[in-house]
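With mature numbering (1 follows the signal peptide of the UniProt record, and there is no 0) as the guide, the letters of the sequence shown map in order to residues -16 to -1, 1 to 70.
For every residue, glycine included, the Cβ atom is placed at its ideal position computed from N, Cα and C.
The model shown is predicted, which means the values in this text are computed figures rather than measured ones.
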Amino acid sequence: FLVYLFLIGIYGLITSRNTVKTLICLELILNSNNENLITFSDLFDSCQLRRDIFANFVIALAAAEAAIGIGWIGKSLLIKTKPTGC
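Here it is as structure tokens:
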């Protein structure tokens, strides 16, 4: 399942021209990588602290990316709705 999620994200990242769609596809890629790290850290590593810290860092990065995307959307809506001149 996670491979399909990753491939959908890659396909959307390559083919999209919309900024919001690109950010969503990047979120899919990051989340699928996080899930893989957490899943396989339980199977192969007895000291999983490093992978968990890395996964939490990537989740924080994805949250910051989403906040930037929401800011871009708000800014573009503000520019479109601003009345033009006197």
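For F(-11), the first and last residue of its enclosing alpha helix (DSSP H): Counting from one through the sequence shown, the residue named residue -11 turns up at place 6. F(-11) -> alpha helix (DSSP H) spans -15 to -2.
Residues near S16 in its chain [Cβ-Cβ closer than 6 Å; skip 5 each side]: Residue 16 sits at position 32 when you count from the first residue of the sequence shown. So the list reads L(-15), L(-12), F(-11), once near-sequence residues are dropped.
Presumed contact (8 Å Cβ cut-off) between G(-8) and I22, rounded CB distance: Residue -8 sits at position 9 when you count from the first residue of the sequence shown. Residue 22 sits at position 38 when you count from the first residue of the sequence shown. About 17 Å separates the beta carbon of G(-8) from that of I22, a gap too long to meet the 8 Å contact definition.
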